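Chemist: The following block contains the structure, expressed as structure tokens.
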Amino acid sequence: MAAIEILDLEKTYSVGFWRKKHKCALKPLHLRVDEGEIFGFLGPNGAGKTTTLKLLMGLARPTGGSARILGMEVDDPRVKAQIGFLPEQPYFYDYLTAKELLEYYAHLSGVPAGEIPGKVGRMLERVGLRDAAGVQLRKFSKGMLQRAGIAQAILHDPKVVFLDEPMSGLDPMGRRQVRDLIEELREEGKTVFFSTHILSDAETLCDRVGILHLGELRSVGTVSELTSGVHEKVELTWAGGAVPASLKALGAEVHVMGDTTRAIVPEDKQDAAIDALRRERLRLISVTPLRASLEDYFVEQVKPAQATAGARS
Amino acid sequence: MSPRIAYIAANTFREAVRDRVLYNLIAFAVLMSGAAILVGQISIDIERLVVVNLGLTAVSLFGVVIAIFIGIGLVSKEIDKRTLYTVLSRPVRRWEFIVGKFLGLAGTLAVNTVCMAIGVFAALLYVSNRFQRSDGWVLVALYFIVLQFLIITALALLFSSFSSPLLSAVFAFSLFIIGSFSEDLRGFAAISHGVTRWVATLAAYLVPNLSALNVIAPVAHQQPVAGQLIAFNTAYALVYTGMALCGAVLIFERRNLK
Amino acid sequence: MRYSHKVTLAASGLLIVCMAASMVCVHQVERMRAGATLEEVLYISSPKMLKRMSLGYSGLLADIYWTRAVQYFGDKHRRGGSNYKLLAPLLEITTTLDPQLIVAYEFGANFLAPRPPNGAGLPQKAIDLVQSGIRSNPQEWRLYYQLGFIRYMEENDYAGAADAFARGSTLPDAHPWLKLLAAQMAQHAGAWDTARMLWVTTFTTTKDAAIRANAAAHLRALQSDRDVMALQVFVDQYQNDTGHLPRGLSDLVSAGMLRGVPVDPLGHPYKIGSTGQVEVQSPDDLPFIQKGTPPGYAPPQRPKILPSD
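Chains as they are written, first to last, in our numbering: chain A, 1 to 313; chain B, 1001 to 1258; chain C, 2001 to 2309.
Have a look at this one:
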């Protein structure tokens, strides 16, 4: 059974005082996430990632299409018991301590009262907040808040976990911890759907990713599937600061650093570039193939539309 | 009633306490003490009158201010802090959230009023050294004030469910003021004609009938409150509160949360 | 955190200077608006409007206005005022806000009706106030008492006074003397006895300190007048017997007419003035006396009728 099935889900807001103008936040979206998958939902700011999450949580109503989680419609109350959600940049109830916060959420999620103290204790331990259990959230750092947020999202042992920008504002240690946690969730058989614009995290964690831009899903697939079509690049370094004109004509990116120069050219132009350097009698230091990154793919996907968007607006 | 409503209510109460709302009791205590001591200089025999007038007026006004100031943020604050999303992504129905919030604030006000009532009776004891049977009616006046709080809280919550805190405060205060005039408004409606009459009558019946809930003056003069009035006011407050809460639920159910 | 000393000094200095300057400004404005007292500010032309604006908290507002009315009268009296022009409006506002504040009507009856400097000199306003009180509190005997009081004392309206006392006497808890007073009015009974009965009733039934002090002053005056009249009879008798005026009241004692030199209600002995009339020691201390004052005596602008005097 698919964990998440999104069928032509669409959201248009009516804005303006008389509600005449329409703003399309999400074009009809078609997406399927299987159980046990870690799915990364990528896109620049304003792409519609948070809108999608809100529609899935039932916080906003779609203007078209539908979505199912674990086979049940999104607004079915039974769904809520099986999912966990971490919103973007949460503040939570800052007057509560971490322990009180989790206890409150546990009660609301219907965790039996007897099990709550044990579950809360274990959860605090797991996210590394055991020592801060009695501290009010208003004293928490960003990283601690994020960890508390994840704790409340998985406290009631949901099958599907939705995280909106879970790494935002975290330092490398924090990001590592969250990454490890997400991996653990997958090992527990949970499905994780998270949105982010930090591509390196998605690259290492996700089974599959989807790229959203201006409300439209541009592509979906595994990281290797997506990056395989990207033009490979090669990095050349040589001594001296001279840059052959013909090299520039190949469309290379050139950086002069002290007494060495570095240039990045597309793979198919590799031979032409090396020839140009040899003609000028420049001493080649290294030739390194660069692995295509998700970022390259992403930028490639996003750039043309942004250009047209720029032209339109 | 689902236990979730109780937990939301308890959490709302906890928030009010930790936001130091109950410190208003200190200001109230200072006010009542000062008044009790000074009042003896005005005129013998009207000390009880002044203590009851001042005490009940203070209870009423302090409470209305708290009801509105906290009430307008009941929903909007949860949206700002993004806590609403974490709550509604759980098996909590939107109407349960509204009712829970309402009960939490109403409970806070009830507790606040009980504490203040103790202060009023302490001041009464101080100025006249004993209680009289007619002091029982002060309890009825306090009960009516609590009913008034229920109505104001429900209205503040209604506005909070769809508008910004500032606008909600303006609407809620306006309704409080107009509601205190409701008797005069009905009188005005009766003597006007045409469209004005229609509008005034509609307004007079929609606006909360707060003037009937204010028996401070008669109770200060040690007059009894009719049992019929107690029954009517209770029913009215419950019905009006229900109306406002239903409105809040209807609006909130349909609201797209940005 | 290091604070800049210069900024601290400058800001503190400026703060103090501004505070002092603002106090000076307030003081100047006060002097410019001489006469605009708090009472003038509190005076709202329409009591009904004020009641409406009080949002149902009119009881407290009435108490506040009552306090101000009492203080207004006391202040003006202390400054030797003869113009209590705001007393009536303040009492009207008070009683509009709380029609059951009986003491306010009593205050009006006692201090609105008499002529200055003992009161505002507005007996009709006092009557109007008390009658509006009767409309709101038809079972309150004190108001009928006050009505009769004013009618008798200020207007010599025996019939009207009798009617008011009679109606009051039928009400629950009415003072037993109301019936007597009604009868006395009807018979045009002796002014002194009636006056004494009225002032004793007022003195014993009121709880307000000012009203009580005023009533006490009247009773002292009545006592003094009676004493002076009685002593004058003895003095005249002495003159008849001996052919000359006594030098002092001790002469009357030596002549066996008196057992001792009598004292006035304040404890000072009476004396005989230059014209052979009996006089009180210090007429300024006995307001309201109609006998026993030296010739050409003018009562002070500030009669001692209130507890603060």
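Glycine is no exception: its CB is placed at the ideal position from the N, C-alpha and C atoms.
Predicted, not measured: the structure shown is a model, and the values here were computed from it.
If we define contact as Cβ-Cβ less than 8 angstroms, is Glu-147 of chain A a contact residue for chain B?
Modeler: Along the first sequence, one-based indexing puts residue 147 of chain A at 147. In the sequence as displayed, the identity of residue 147 of chain A is Arg instead of Glu. By this cut-off, Arg-147 of chain A is not an interface position.
Chemist: Can you give me the start and stop residues for the beta strand (DSSP E) that Met-257 of chain A sits inside?
Modeler: In the first sequence, residue 257 of chain A corresponds to position 257, counting from 1. Per DSSP, Met-257 of chain A belongs to the beta strand (DSSP E) from 253-257.
Chemist: So what does DSSP say about Gln-2100 of chain C, is it helix, strand or coil?
Modeler: Numbered from its first residue, the third sequence carries residue 2100 of chain C at position 100. DSSP places Gln-2100 of chain C in coil when its eight states are reduced to three.
Chemist: Rank B:Gly-1034, B:Thr-1108, B:His-1221, B:Thr-1086 by C-alpha distance to the C-alpha of Ile-1046 of chain B and give the top, closest one.
Modeler: Taking the first residue of the second sequence as 1, we reach residue 1046 of chain B at position 46. Nearest of B:Gly-1034, B:Thr-1108, B:His-1221, B:Thr-1086 to Ile-1046 of chain B, Cα basis: B:His-1221.
Chemist: Among A:Leu-290, A:Lys-27, A:Asp-271, A:Ser-141, which residue has its Cα nearest to the Cα of Thr-12 of chain A?
Modeler: If you number the first sequence from 1, residue 12 of chain A lands on position 12. If we check each option's Cα against that of Thr-12 of chain A, A:Lys-27 comes out closest.
Chemist: If contact means a Cβ-Cβ distance below 7 angstroms, which residues of the region 122-149 of chain A contact chain B?
Modeler: none
Chemist: Which chain A residues sit within Cβ distance under 7 angstroms of Leu-1257 of chain B?
Modeler: Position 257 of the second sequence, counting from 1, holds the residue named residue 1257 of chain B. The answer, in chain order, is Lys-54, Leu-59, Ala-60.
Chemist: If we call anything under 8 angstroms between Cβ atoms a contact, is Ser-1002 of chain B one with Glu-1096 of chain B?
Modeler: Counting from one through the second sequence, the residue named residue 1002 of chain B turns up at place 2. Counting from one through the second sequence, the residue named residue 1096 of chain B turns up at place 96. The answer is yes: Cβ separation under 8 angstroms.
Chemist: Note down, in chain order, each residue of its chain lying with its Cβ closer than 8 angstroms to the Cβ of Ala-314 of chain A, except the 5 sequence neighbours on either side.
Modeler: Only positions 1 to 313 of chain A appear in this structure, which leaves residue 314 of chain A out of reach.
Chemist: Reducing DSSP to helix, strand and coil, say where Arg-61 of chain A ends up.
Modeler: Working through the first sequence from its first residue, we reach residue 61 of chain A at position 61. Of the three classes helix, strand and coil, the one that applies to Arg-61 of chain A here is coil, per DSSP.
Chemist: With burial defined as no fewer than 16 other Cβ atoms inside 10 Å of the residue's Cβ, what is the status of Gln-177 of chain A: buried or exposed?
Modeler: Along the first sequence, one-based indexing puts residue 177 of chain A at 177. Buried: at least 16 other Cβ atoms inside 10 Å.
Chemist: State yes or no: is the C-beta of Val-1021 of chain B within less than 8 angstroms of the C-beta of Ile-1066 of chain B?
Modeler: Sequence index remark: in the second sequence, residue 1021 of chain B carries index 21 (1-based). Sequence index remark: in the second sequence, residue 1066 of chain B carries index 66 (1-based). Result yes, Cβ atoms of Val-1021 of chain B and Ile-1066 of chain B sit closer than 8 angstroms.
Chemist: Quick check: the Cα distance between Phe-1252 of chain B and Ser-1161 of chain B, rounded to an integer number of angstroms?
Modeler: In the second sequence, the residue the question calls residue 1252 of chain B occupies position 252. In the second sequence, the residue the question calls residue 1161 of chain B occupies position 161. Those two C-alpha atoms are separated by around 6 angstroms.
Chemist: On the three-state DSSP scale, how would you describe Lys-142 of chain A?
Modeler: As a working mapping, residue 142 of chain A is identified with position 142 in the first sequence. Helix.
Chemist: Under 7 angstroms from any heavy atom of the ligand FAD, does the C-beta of Leu-1150 of chain B make it?
Modeler: The ligand FAD is not among the ligands present in this structure, which contains no ligands whatsoever.
Chemist: If you measure from the beta carbon of Lys-314 of chain A to each beta carbon in chain B, is any gap under 8 angstroms?
Modeler: This structure cannot settle anything about residue 314 of chain A, because the visible part of chain A is limited to 1 through 313.
Chemist: Using 8 angstroms as the Cβ pair cut-off and three pairs as the minimum, do the region 2083-2098 of chain C and the region 1197-1214 of chain B touch?
Modeler: The region 2083-2098 of chain C vs the region 1197-1214 of chain B: no contact.
Chemist: How far does the beta strand (DSSP E) with Ser-1002 of chain B in it extend, from its first residue to its last?
Modeler: Position 2 of the second sequence, counted from the first residue, corresponds to residue 1002 of chain B. Looking at the DSSP string, Ser-1002 of chain B is not in any beta strand (DSSP E), and its letter there is neither H nor E.
Chemist: Quick one, are the C-beta atoms of Ile-1145 of chain B and Ser-1060 of chain B less than 8 angstroms apart?
Modeler: Here the question's residue 1145 of chain B lines up with position 145 in the second sequence. Here the question's residue 1060 of chain B lines up with position 60 in the second sequence. Against a cut-off of 8 angstroms, the Cβ pair of Ser-1060 of chain B and Ile-1145 of chain B comes out as a contact.
Chemist: Return the chain-ordered list of same chain residues with a C-beta closer than 8 angstroms to the C-beta of Glu-267 of chain A, the five sequence neighbours on each side being excluded.
Modeler: Position 267 of the first sequence, counted from the start, is the residue given in the question as residue 267 of chain A. Taken in chain order, the residues that qualify are His-231, Glu-232, Lys-233, Val-234, Pro-289.
Chemist: Any residues in the region 88-105 of chain A with a beta carbon nearer than 9 angstroms to a beta carbon of chain B? Which ones, in chain order?
Modeler: Glu-88, Gln-89, Pro-90, Tyr-91, Phe-92, Tyr-93, Asp-94, Tyr-95, Leu-96, Glu-100, Tyr-104, Tyr-105
Chemist: Which residues does DSSP list as the beta-bridge partners of Trp-238 of chain A?
Modeler: Here residue 238 of chain A is taken as the residue at index 238 of the first sequence, counted from 1. Beta-bridge pairing links Trp-238 of chain A to A:Thr-261, A:Leu-284.
Chemist: Could you round the C-beta distance between Leu-1109 of chain B and Ile-1216 of chain B to whole angstroms and report it? I think they count as a contact, below 8 angstroms.
Modeler: What you label residue 1109 of chain B is simply residue 109 of the second sequence in a count that begins at 1. What you label residue 1216 of chain B is simply residue 216 of the second sequence in a count that begins at 1. About 17 angstroms; that fails the 8 angstroms criterion.
Chemist: Quick one: what's Ile-38 of chain A bridged to in DSSP?
Modeler: Numbered from 1 along the first sequence, position 38 holds the residue referred to as residue 38 of chain A. In DSSP, Ile-38 of chain A forms a bridge with A:Val-192.
Chemist: Examine chain B for any beta-carbon lying closer than 8 angstroms to the beta-carbon of Tyr-2297 of chain C, and answer yes or no.
Modeler: What you label residue 2297 of chain C is simply residue 297 of the third sequence in a count that begins at 1. By this cut-off, Tyr-2297 of chain C is not an interface position.
Chemist: What residue range does the alpha helix (DSSP H) around Leu-2015 of chain C cover?
Modeler: As a working mapping, residue 2015 of chain C is identified with position 15 in the third sequence. DSSP places Leu-2015 of chain C inside the alpha helix (DSSP H), whose first and last residues are 2005-2032.
Chemist: From Ala-1154 of chain B to Gly-1247 of chain B, what does the alpha carbon distance come to, in whole angstroms?
Modeler: Residue numbering aside, residue 1154 of chain B sits at position 154 when the second sequence is read from its first letter. Residue numbering aside, residue 1247 of chain B sits at position 247 when the second sequence is read from its first letter. Those two C-alpha atoms are separated by around 10 angstroms.
Chemist: Return the chain-ordered list of same chain residues with a C-beta closer than 7 angstroms to the C-beta of Arg-2226 of chain C, the five sequence neighbours on each side being excluded.
Modeler: What you label residue 2226 of chain C is simply residue 226 of the third sequence in a count that begins at 1. Answer for Arg-2226 of chain C: Trp-2192, listed in chain order.
Chemist: Please confirm if the region 2052-2069 of chain C is in contact with the region 2097-2104 of chain C, defined as three or more CB-CB distances below 8 angstroms between the two stretches.
Modeler: yes
Chemist: Apart from the five residues just before and just after Ile-2272 of chain C, which ones in its own chain have a Cβ nearer than 8 angstroms to its Cβ?
Modeler: For this step, residue 2272 of chain C is matched to residue 272 along the third sequence. The answer, listed in chain order, is Val-2235, Leu-2245, Pro-2246, Arg-2247, Gly-2248, Leu-2249, Val-2278, Glu-2279.
Chemist: Could you give the distance in angstroms between the alpha-carbon of Asp-75 of chain A and the alpha-carbon of Gly-143 of chain A?
Modeler: Position 75 of the first sequence, counted from the first residue, corresponds to residue 75 of chain A. Position 143 of the first sequence, counted from the first residue, corresponds to residue 143 of chain A. Whole-angstrom Cα-Cα distance: 32 angstroms.
Chemist: In chain order, what residues of the same chain lie with their CB nearer than 6 angstroms to the CB of Ile-2127 of chain C, ignoring the 5 residues before and after it?
Modeler: The residue given as residue 2127 of chain C occupies position 127 in the third sequence. Hits under 6 angstroms: Ile-2150.
Chemist: Under 8 angstroms between C-beta atoms, does Val-2103 of chain C make it to chain B?
Modeler: Along the third sequence, read from residue 1 onward, the residue named residue 2103 of chain C stands at position 103. Output row for Val-2103 of chain C: interface = yes.
Chemist: Taking C-alpha atoms, which residue in A:Glu-88, A:Asp-94, A:Pro-117 lies nearest to Lys-1077 of chain B?
Modeler: Along the second sequence, read from residue 1 onward, the residue named residue 1077 of chain B stands at position 77. Closest option to Lys-1077 of chain B, Cα to Cα, is A:Asp-94.
Chemist: For Ser-2 of chain A, which beta-bridge partners are listed by DSSP?
Modeler: Residue numbering aside, residue 2 of chain A sits at position 2 when the first sequence is read from its first letter. First, the amino acid is wrong: residue 2 of chain A is Ala here, not Ser. The partner list for Ala-2 of chain A (beta bridge, DSSP) reads A:Asp-34.
Chemist: Assuming Phe-193 of chain A and Val-33 of chain A are in contact, meaning their beta carbons sit under 8 angstroms apart, how far apart are those beta carbons, in whole angstroms?
Modeler: Here the question's residue 193 of chain A lines up with position 193 in the first sequence. Here the question's residue 33 of chain A lines up with position 33 in the first sequence. Indeed they touch by this definition, with Cβ atoms about 6 angstroms apart.
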